[in-house]
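Everything below concerns the one structure shown next.
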Amino acid sequence: MNPYGPVAIYLVVALAAALLFTFLPGLLGRAKPNPQKQDAYECGVEPTSAVQGRFPVRFYLVAMLFVIFDVEAASFYPWAVEMHALKAFGLIEMVIFIIVLGIGYAYVWKKGGFQWR
Amino acid sequence: MPDWLIILIKSAILLLVVVTTFAYAMLAERKVLGWMQLRPGPNRVGPWGLMQPAADAAKLILKEDLTPRTADPLIYRLAPFISLLTAFSVYAVIPFGASNAGVWAIGTPNAGILFLLAITSIGVYGITLGGWASGSKYPLLGSVRATAQMISYELGMSLSFIGVLLLAGTTSLDGIVSAQEKWWFIIPQFVGFIVYIITAVAETNRVPFDLVEAETELVAGFHTEYSGLRFGLFFIAEYVNMLTVSCIASLLFLGGWNAPFGILPMVPGVVWFILKVAFFMFFYMWLRATLPRFRYDRLMAFGWKVLLPLATLNLVVTAIIVAFLGH
Chain L
1 MNPYGPVAIY LVVALAAALL FTFLPGLLGR AKPNPQKQDA YECGVEPTSA
51 VQGRFPVRFY LVAMLFVIFD VEAASFYPWA VEMHALKAFG LIEMVIFIIV
101 LGIGYAYVWK KGGFQWR
Chain H
1 MPDWLIILIK SAILLLVVVT TFAYAMLAER KVLGWMQLRP GPNRVGPWGL
51 MQPAADAAKL ILKEDLTPRT ADPLIYRLAP FISLLTAFSV YAVIPFGASN
101 AGVWAIGTPN AGILFLLAIT SIGVYGITLG GWASGSKYPL LGSVRATAQM
151 ISYELGMSLS FIGVLLLAGT TSLDGIVSAQ EKWWFIIPQF VGFIVYIITA
201 VAETNRVPFD LVEAETELVA GFHTEYSGLR FGLFFIAEYV NMLTVSCIAS
251 LLFLGGWNAP FGILPMVPGV VWFILKVAFF MFFYMWLRAT LPRFRYDRLM
301 AFGWKVLLPL ATLNLVVTAI IVAFLGH
């Protein structure tokens with residue numbers, strides 16, 4: 001069998017189990033709704049304002065940096081596996097790549113991109 | 001029996017094992033925390049508290065399932081499902097032992113580690129969407145924090161694997177274990193191991209990185225609005241993820257099912273594997289009983305300014321050694 005065949009079968013079983021767990025509460029839990037229960041929780045007081053407000057742009061910056069550095073990490077994988085064959089050539093290539101990346105990293109650091117203020 | 005039926009039965013058994021392990025890991029955690037704080041822990045339900053997981057499960061299933069008026073109902077219900085499904089899915093590629101007949105695993109694809117990373121990354125969506133769809137302030141804050149924390153620490157984690165891949169020359173998990181027959185990778189990859197353990201604790205949102213559900217400031221974080229079994233699904237996912245992390249740490253750094261220094265050859269490999277996994281599970285509980293919570297700005301700075309360069313440095317040094325000395 002293809003090595004991914006068993007993985008696919010397992011994923012189907014996992015999907016079935018997760019679906020079972022997801023639909024159980026609807027079948028067995030008793031429902032006695034009332035307006036107070038259905039309020040969003042705010043330490044017992046009535047919700048004071050809308051949920052969608054402003055939140056720090058920092059989080060957006062983190063997401064962008066993540067995309068850049070994660071692509072970098074992904075590009076290391078095939079290189080790492082082939083390193084035994086590539087030897088010095090692979091090493092030099094990757095050191096150049098890391099230097100380029102390091103310049104970007106230093107720039108972000110200096111600009112305060114990692115500072116949480 | 002046809003092949004697919006055998007695999008189907010194996011998969012069902014494996015899932016049962018995972019869920020049972022979750023139940024007793026939870027009980028073990030409460031017991032261990034109890035002992036560390038000089039109290040007995042759960043001891044009312046069944047002898048020595050052993051039926052506690054069953055009692056908890058029955059309670060959670062029978063509780064009312066609440067959905068806040070302001071929530072987005074579909075995504076609100078989808079989020080715990082995503083968390084649970086990704087937590088379960090990982091076990092498709094994790095090998096538990098080996099005998100002459102072959103490797104004990106559901107599937108042993110070449111790209112085992114890549115599969116693991118891909119699936120665990122999807123797990124972030126469960127927490128992000130769960131907090132966002134609740135339509136409430138604390139969950140929203142908790143989930144935004146969680147997302148930033150998890151993606152930041154994911155970088156260090158994926159970089160910490162690369163040292164192991166350099167030494168093993170393969171991404172298949174059984175290949176990595178058989179490359180460790182002589183030396184466990186914790187010795188040449190000690191820095192990688194430390195980075196992995198720290199990032200893994202952060203990825204599973206456990207103490208000291210449990211800012212996602214910091215009770216003192218965010219009530220319960222992203223799952224504040226969830227009740228009954230839907231809360232339980234997040235809980236199961238968290239513990240199953242802890243188990244996954246323990247398995248990966250054992251496979252990549254502690255030689256998987258290889259015995260330490262080749263001692264006691266009559267003990268089957270799976271016993272060693274279970275012992276190593278149990279050690280890491282205990283380590284999680286130990287951390288929880290010992291450490292206070294990080295401050296958020298320090299957490300982010302630590303991830304980006306310490307772990308990321310440290311993992312990259314480890315990778316470069318390992319690459320230099322592999323390039324000039326072979327393996």
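Top to bottom, those sequences are chains L and H.
Just so you know, the numbering used here puts 117 at position 117 of the first sequence, and the rest follows in order with no gaps.
Just so you know, the numbering used here puts 71 at position 71 of the second sequence, and the rest follows in order with no gaps.
All residues carry an ideal CB built from backbone N, CA and C; glycine is no exception.
Values in this document were obtained by computation on a predicted structure and should not be read as measured data.
For A98 (chain H), name the three-state secondary structure that DSSP assigns. Within the second sequence, numbered from 1, the residue matching residue 98 (chain H) stands at position 98. Three-state result, A98 (chain H): strand.
Would you say M64 (chain L) faces chain H, with C-beta separation under 8 Å as the test? Within the first sequence, numbered from 1, the residue matching residue 64 (chain L) stands at position 64. No, M64 (chain L) lies away from the interface with chain H (no Cβ there is under 8 Å from its Cβ).
Cβ-based burial, R77 (chain H) [other Cβ within 10 Å; buried from 16]: To locate residue 77 (chain H), count along the second sequence from 1; it is residue 77. Buried: at least 16 other Cβ atoms inside 10 Å.
Along the chain, where does the alpha helix (DSSP H) containing P110 (chain H) start, and where does it finish? Residue mapping note: residue 110 (chain H) aligns to position 110 of the second sequence, counting from 1. Pro is not the amino acid found at residue 110 (chain H); the sequence shown has Asn there. Premise fails: N110 (chain H) is in no alpha helix (DSSP H) and is neither H nor E.
DSSP beta-bridge partners for W104 (chain H)? Position 104 of the second sequence, counting from 1, holds the residue named residue 104 (chain H). W104 (chain H) is bridged to H:G97.
Quick one: Cα of I151 (chain H) to Cα of M64 (chain L), how far? Here residue 151 (chain H) is taken as the residue at index 151 of the second sequence, counted from 1. Here residue 64 (chain L) is taken as the residue at index 64 of the first sequence, counted from 1. About 10 Å.
Which of the three DSSP states, helix, strand or coil, is assigned to L38 (chain H)? Translated into the one-based positions of the second sequence, residue 38 (chain H) becomes position 38. Reduced to three states, the DSSP call for L38 (chain H) is coil.
Nearest CA to the CA of C247 (chain H): which residue from H:G262, H:F209, H:A200? Translated into positions along the second sequence, residue 247 (chain H) becomes position 247. Comparing Cα positions, the closest option is H:A200.
Do you know how far the Cα of Y4 (chain L) is from the Cα of F76 (chain L)? Along the first sequence, one-based indexing puts residue 76 (chain L) at 76. Along the first sequence, one-based indexing puts residue 4 (chain L) at 4. Whole-angstrom Cα-Cα distance: 24 Å.
Among H:G49, H:V45, H:T67, H:A92, which has the Cα closest to the Cα of V13 (chain L)? In the first sequence, counting from the first residue as 1, residue 13 (chain L) sits at position 13. That would be H:A92, whose Cα lies nearest to the Cα of V13 (chain L).
Could you tell me the distance, in whole angstroms, from the CA atom of Y41 (chain L) to the CA atom of V240 (chain H)? Against the first sequence, residue 41 (chain L) aligns to sequence position 41. Against the second sequence, residue 240 (chain H) aligns to sequence position 240. The alpha-carbon atoms of Y41 (chain L) and V240 (chain H) are separated by roughly 28 Å.
Would you mind telling me which residues of chain L sit closer than 7 Å to L166 (chain H), beta carbon to beta carbon, in chain order? As a position in the second sequence, residue 166 (chain H) is number 166, starting the count at 1. Result: A80, M83.
Just mark Q38 (chain L) as buried or exposed, buried being the case when its beta carbon has 16 or more other beta carbons within 10 Å. For the purposes of this step, residue 38 (chain L) is identified with residue 38 of the first sequence, where counting begins at 1. Q38 (chain L) should be labelled exposed.
Where does W79 (chain L) sit, in a helix, a strand or coil, going by DSSP? Counted from its first residue, the first sequence places residue 79 (chain L) at position 79. In the structure shown, W79 (chain L) sits in a helix (DSSP, three-state: H, G or I).
W257 (chain H) classed as buried or exposed, judged by whether at least 16 other C-beta atoms fall within 10 angstroms: Here residue 257 (chain H) is taken as the residue at index 257 of the second sequence, counted from 1. Under this definition W257 (chain H) is a buried residue.
Measuring only between beta-carbons, confirm whether Y107 (chain L) sits less than 8 Å from chain H. As a working note, residue 107 (chain L) is residue 107 in the first sequence. Cβ-Cβ to chain H under 8 Å: no for Y107 (chain L).
So, does the CB of A301 (chain H) fall closer than 8 Å to a CB anywhere in chain L? The residue given as residue 301 (chain H) occupies position 301 in the second sequence. Interface residue, yes.
Residue from H:L38, H:G156, H:L66, H:A12 whose Cα sits closest to the Cα of P35 (chain L): Here residue 35 (chain L) refers to the residue found at position 35 when the first sequence is read from its first residue. Of H:L38, H:G156, H:L66, H:A12, the residue nearest in Cα terms is H:L66.
Counting C-beta neighbours from all protein chains within 10 Å, is the total for K59 (chain H) 16 or more, i.e. buried, or is it exposed? Taking the second sequence and counting its residues from 1, the one referred to as residue 59 (chain H) is at position 59. When all chains shown are included, K59 (chain H) counts as exposed.
Under 8 Å between the Cβ atoms of A347 (chain H) and D174 (chain H)? Nothing in the structure corresponds to residue 347 (chain H), since chain H is present only between 1 and 327.
Contact defined as beta carbons within less than 8 Å: I believe Y153 (chain H) pairs with A202 (chain H). What is the distance between those atoms, to the nearest angstrom? Taking the first residue of the second sequence as 1, we reach residue 153 (chain H) at position 153. Taking the first residue of the second sequence as 1, we reach residue 202 (chain H) at position 202. Confirmed, Cβ separation roughly 4 Å.
Our contact map puts L141 (chain H) next to L218 (chain H) with C-beta atoms below 8 Å; I'd like the distance itself, whole angstroms only. Translated into the one-based positions of the second sequence, residue 141 (chain H) becomes position 141. Translated into the one-based positions of the second sequence, residue 218 (chain H) becomes position 218. 6 Å between Cβ atoms; contact.
From Q115 (chain L) to P56 (chain L), what does the alpha carbon distance come to, in whole angstroms? Here the question's residue 115 (chain L) lines up with position 115 in the first sequence. Here the question's residue 56 (chain L) lines up with position 56 in the first sequence. Spanning the two alpha carbons is a distance of roughly 13 Å.
Nearest to W81 (chain L) (by Cα), restricted to the options H:W183, H:A220, H:V164, H:Y296: On the first sequence, position 81 is the one that residue 81 (chain L) refers to. The sequence given here places Val at residue 81 (chain L); Trp does not occur at that position. It is H:V164.
When the Cα atoms are used, what is the spatial distance from V322 (chain H) to S143 (chain H)? Numbered from 1 along the second sequence, position 322 holds the residue referred to as residue 322 (chain H). Numbered from 1 along the second sequence, position 143 holds the residue referred to as residue 143 (chain H). Using only the alpha carbons, I get a separation of about 41 Å.
Cβ of I98 (chain L) within 8 Å of any chain H Cβ: Indexing the first sequence from 1 puts residue 98 (chain L) at position 98. So, interface residue.
Determine the DSSP secondary structure at T120 (chain H), reduced to helix, strand or coil. As a working note, residue 120 (chain H) is residue 120 in the second sequence. Of the three classes helix, strand and coil, the one that applies to T120 (chain H) here is helix, per DSSP.
Counting beta carbon pairs with one atom in the segment 68-87 of chain H and one in the segment 226-238 of chain H, are three or more of them shorter than 8 Å? yes
Within 9 Å of chain L by C-beta, residues of the segment 65-82 of chain H in sequence order: D65, L66, T67, P68, R69, T70, A71, R77, L78, P80, F81, I82
What first and last residue would you give for the alpha helix (DSSP H) that runs through G156 (chain H)? Numbered from 1 along the second sequence, position 156 holds the residue referred to as residue 156 (chain H). Note, G156 (chain H): alpha helix (DSSP H), 137-168.
Close beta carbons around M1 (chain L), own chain, < 7 Å, minus the five adjacent residues each side: As a first step, residue 1 (chain L) is located in the first sequence; it is residue number 1 there, counting from the start. Nothing listed; no residue qualifies.
Cβ of Y153 (chain H) within 8 Å of any chain L Cβ: Counted from its first residue, the second sequence places residue 153 (chain H) at position 153. No, Y153 (chain H) lies away from the interface with chain L (no Cβ there is under 8 Å from its Cβ).
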